[in-house]
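Notes to accompany the following structure.
Number of protein chains: 2
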Amino acid sequence: MSSLFNRTIVFLLGFMPKALVRRFAARYIAGDTLQNAIDLVKDLNRQGMMATLDVLGEEIHNLAEARFAVDEYKRCVKAIVDHQLDANISLKPTQFGLGQDVSVAEANIREVIQEARKFNIFVRIDMEDSRYTTATYELYLRLKREFSNVGTVMQAYLRRSHQDAVNMIPQHINLRLCKGIYVEPREIAYKDPVLVNQNYALVLEELIRGKVYVGIATHDERLVWEGMRLVRKYQLGRKDYEFQMLLGVDKELRDIILKAGHRLRLYVPYGNQWYAYSTRRLKENPQVARHILNNLLKPG
Amino acid sequence: MSSLFNRTIVFLLGFMPKALVRRFAARYIAGDTLQNAIDLVKDLNRQGMMATLDVLGEEIHNLAEARFAVDEYKRCVKAIVDHQLDANISLKPTQFGLGQDVSVAEANIREVIQEARKFNIFVRIDMEDSRYTTATYELYLRLKREFSNVGTVMQAYLRRSHQDAVNMIPQHINLRLCKGIYVEPREIAYKDPVLVNQNYALVLEELIRGKVYVGIATHDERLVWEGMRLVRKYQLGRKDYEFQMLLGVDKELRDIILKAGHRLRLYVPYGNQWYAYSTRRLKENPQVARHILNNLLKPG
Numbered sequence: 007m008s009s010l011f012n013r014t015i016v017f018l019l020g021f022m023p024k025a026l027v028r029r030f031a032a033r034y035i036a037g038d039t040l041q042n043a044i045d046l047v048k049d050l051n052r053q054g055m056m057a058t059l060d061v062l063g064e065e066i067h068n069l070a071e072a073r074f075a076v077d078e079y080k081r082c083v084k085a086i087v088d089h090q091l092d093a094n095i096s097l098k099p100t101q102f103g104l105g106q107d108v109s110v111a112e113a114n115i116r117e118v119i120q121e122a123r124k125f126n127i128f129v130r131i132d133m134e135d136s137r138y139t140t141a142t143y144e145l146y147l148r149l150k151r152e153f154s155n156v157g158t159v160m161q162a163y164l165r166r167s168h169q170d171a172v173n174m175i176p177q178h179i180n181l182r183l184c185k186g187i188y189v190e191p192r193e194i195a196y197k198d199p200v201l202v203n204q205n206y207a208l209v210l211e212e213l214i215r216g217k218v219y220v221g222i223a224t225h226d227e228r229l230v231w232e233g234m235r236l237v238r239k240y241q242l243g244r245k246d247y248e249f250q251m252l253l254g255v256d257k258e259l260r261d262i263i264l265k266a267g268h269r270l271r272l273y274v275p276y277g278n279q280w281y282a283y284s285t286r287r288l289k290e291n292p293q294v295a296r297h298i299l300n301n302l303l304k305p306g
Numbered sequence: 007m008s009s010l011f012n013r014t015i016v017f018l019l020g021f022m023p024k025a026l027v028r029r030f031a032a033r034y035i036a037g038d039t040l041q042n043a044i045d046l047v048k049d050l051n052r053q054g055m056m057a058t059l060d061v062l063g064e065e066i067h068n069l070a071e072a073r074f075a076v077d078e079y080k081r082c083v084k085a086i087v088d089h090q091l092d093a094n095i096s097l098k099p100t101q102f103g104l105g106q107d108v109s110v111a112e113a114n115i116r117e118v119i120q121e122a123r124k125f126n127i128f129v130r131i132d133m134e135d136s137r138y139t140t141a142t143y144e145l146y147l148r149l150k151r152e153f154s155n156v157g158t159v160m161q162a163y164l165r166r167s168h169q170d171a172v173n174m175i176p177q178h179i180n181l182r183l184c185k186g187i188y189v190e191p192r193e194i195a196y197k198d199p200v201l202v203n204q205n206y207a208l209v210l211e212e213l214i215r216g217k218v219y220v221g222i223a224t225h226d227e228r229l230v231w232e233g234m235r236l237v238r239k240y241q242l243g244r245k246d247y248e249f250q251m252l253l254g255v256d257k258e259l260r261d262i263i264l265k266a267g268h269r270l271r272l273y274v275p276y277g278n279q280w281y282a283y284s285t286r287r288l289k290e291n292p293q294v295a296r297h298i299l300n301n302l303l304k305p306g
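In the order they appear, the protein sequences are chains F and R.
So the first sequence is numbered by the working numbering: it starts at 7 and just counts up by one.
So the second sequence is numbered by the working numbering: it starts at 7 and just counts up by one.
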C-alpha cells in the first residue's frame, strides 16, 4: 500500500469506534486468553503449521507493568510444554520496559529466555519502530552471547538493514526478515514498495549466503517466490529456514507454502491489549479500508 | 512521467506566459549572474555537496555568439579558483557552435578545457538531443586524447547507448549516466519507463565493470538504489564514482545519498537563457503540470 494510503487509513481509524476496530481485527487475534491461543495453536499444529505466541501489549507506561509481561510469557512457556505445542514465543522489548530503562528491560527479557531455555523453547525479540532499532539489536547481541535460544527481527524497509545484516552475520544470528509496518520517515526507510521488495530480496540473499537461519516473514507472494528461489539456489535443508505469516492473513498463501513442502510458522497474538496491533494490521488490509470508508461515508 | 504526459506538458507550456515559466522554474536555477551561482555553490559545499556550474544557453544562431560562452566559462573557471569552490563545469556543445561548424565548436571548447586544465578543473561535455549524439562522442574522444580533465554524458533512454558504452570503455572514458530528457522518436529511444530504467541499470553495470568513472545522475530512487547496490557489488572506493542531481530536485533524496556516505554533485545552472532548460525541468515535475493545468483551465 502507498504511504499516502496508509496515512489516510491511520487517520480514518482515529474516527472509528474501538468496538468496530475490534470486530474487523478479530481474525488477526486468537482471543483474550492464553487458553484461546492454546486451542488455536493445537488446531494449527494439526494442520501442519508451527506457531509463535505473542502476548499483545507494547509501550508500557511504567516499569511495574513489565512484570505482567514477564509472568504472562512464563505462563506461555508452561502452556507450550504442558500441551506439547509446536510453538515458540515472540516478545516486544517495549512491553518489557525498553522505553524506560534498557537494563531493566534486558533483565526482564532475560528472565523469560532463561525460563524458555529450560524447555528448549526459542524466543524471538520483535523489532518495533526505528527509535528502538539500535537498542534492540544491541540487547539481542548481548543476550545472544548468553543464550542460544534467542533471535530477533530485521525490517527490509529500513535503509540501514543491509549494512546491519553484513555487520551481524559473523555473530551467528537468527533473524526473522519482514518488510516492516511502522510509519517511518523517508530518510531512514524506503517508501517505494518496489524498493522495499528489492531490498528484502537483497537482504534475504545476503543472510542466506551468510548461513543465517531466517524466518522468511511475508504475505507478499512475490517475496515468497523469491524466498523459494533462494532456498533452491543455496540448497537449504528443510530445517535451515522457515516461512512465517501472521494469523488471519491469506489462507491460500499458507496452503501454497505448505504444499510446496516448506515449514510455516504463524504469529499468534492473544490478550486484551489488541488496539495498537489491530490498527497496524488493518492499515495493511485494503478491503478493511474500504469497509471503514463505506461506514464513515454512508448517510445517516 | 509517460511520454504522452510529457508531450501534453510541452504543448501546454507553449501557452504559458514566460514570466510564469520563470517563476515555476526559479528553484532549478541559481540566478542570473555568476555571483548568484558562486554564493549558491559555497552553500552547497558547506552542506557537503560538490557542484558543476552550467552557463545557461544552447543552440546559438551564429558562431559569433559562441564567444560569449567561451568567455563566460573562463569566468567560471576563475571564480572556482578564486573562491576555492568544490566545483567543476558542464557545457553544451551547441552553445559553442556544434550546430554550425564542428571544428569551430571544437576549438571553442578546447579553449575552455585548456583554461580549466591550468587549475586542474574538470570539464563535462553535456549531451543534447540525438542529432548531436555521434558528433558529441567524436568531439569528446578527440579532446580526450589531448586532455585528461574531460568527460561527457551517456543517455540511458537511447537504444544505442549500451553499444556505445562497450565501444568506448577501452578508451578510459569518464561519463555521466542519465536517463535523458529530450523528446526523441521511439525508433532510437526507449519510451517505456521500465525499459529506460532497465537499460540504465544495464549500462551502469557495464561501465562500472569496465572501471569507468561514472557520475550516477538520477532523481529516480530506484536507480539510486541500483547504483548503491553496484557500488557495493564492485567494491568501489568513495572517489571511484559520484552521484549527481540537478539543483532544485528532491532534497530528501540528496540527504539520503549523503547520509549513506556517497559523494553527491549538484548541477547548478545560471544565466539569463533560462527558457529551454526550464521547460525541460518543468515537464518532469508533475506538481508543476498540475499548477499549469489549473491555471489554464480556471474560468475567467
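C-beta atoms are modelled at their ideal positions from N, C-alpha and C, and glycine is treated no differently.
Buried or exposed: which applies to residue i, given that a residue is buried once 16 or more other Cβ atoms fall within 10 Å of its Cβ?
i	result
V83(R)	buried
K24(F)	exposed
A266(F)	exposed
H67(F)	exposed
V200(R)	exposed
V156(F)	buried
A70(F)	exposed
Q177(R)	exposed
D60(F)	buried
S154(F)	exposed
Helix, strand or coil for residue i per DSSP?
i	result
S96(R)	strand
V202(R)	helix
P275(F)	strand
G103(F)	coil
A85(F)	helix
F21(F)	coil
I179(R)	coil
Y163(F)	coil
E193(R)	coil
R73(R)	helix
L252(F)	strand
I131(R)	strand
L242(R)	coil
Y79(R)	helix
Using the Cα positions of residue i and residue j, report the straight-line distance between them to the nearest angstrom.
i	j	result
E232(F)	N94(R)	44 angstroms
E212(F)	M234(R)	15 angstroms
E78(F)	I35(F)	16 angstroms
Y138(F)	D132(F)	11 angstroms
E290(R)	A31(R)	11 angstroms
L272(R)	L253(R)	6 angstroms
I119(F)	C184(R)	53 angstroms
K48(F)	L91(F)	7 angstroms
G37(F)	Y276(F)	5 angstroms
E258(F)	A207(R)	35 angstroms
R238(F)	V202(F)	23 angstroms
Q106(F)	R244(R)	40 angstroms
Y143(F)	N173(F)	11 angstroms
D256(R)	L50(R)	14 angstroms
R29(F)	Q161(F)	28 angstroms
S136(F)	E117(F)	25 angstroms
From what residue to what residue does the beta strand (DSSP E) around residue i run?
i	result
Y307(F)	The structure shown has nothing for residue 307(F), since chain F only spans 7 to 306.
F153(R)	Note, F153(R): premise wrong, no beta strand (DSSP E); not H, not E.
Q90(R)	Segment: none, Q90(R) is in no beta strand (DSSP E) and carries neither H nor E.
I115(F)	No beta strand (DSSP E) holds I115(F); the alpha helix (DSSP H) holding it covers 108-124.
D60(R)	56-61
I35(R)	Unbroken run through I35(R): none, as it is neither H nor E.
For a quick check, are the C-beta atoms of residue i and residue j less than 8 angstroms apart?
i	j	result
R130(F)	T100(F)	no
F249(F)	H225(F)	no
V5(F)	A75(F)	Nothing can be reported for residue 5(F): it is not among the residues displayed for chain F, which extend from 7 to 306.
A141(R)	F102(R)	no
A195(F)	R165(F)	yes
Y240(F)	N180(F)	no
T285(R)	V27(R)	yes
I86(F)	L97(F)	no
Which residues mark the beginning and the end of the alpha helix (DSSP H) in which residue i is found?
i	result
Y281(F)	281-288
L263(F)	At residue 263(F) the sequence reads Ile, which differs from the Leu that was named. Residues 257-265.
L50(F)	40-52
L229(F)	227-239
So which residues of chain B does residue i contact, with C-beta pairs closer than 9 angstroms?
i	result
D198(F)	Reference to chain B is not applicable here, since the protein chains of this structure are F and R.
Say yes only if the C-beta of residue i is nearer than 7 angstroms to one or more non-hydrogen atoms of the ligand PLP, and no if none qualify.
i	result
W231(R)	With respect to small molecules bound, the structure shown includes none, and the ligand PLP cannot be examined in it.
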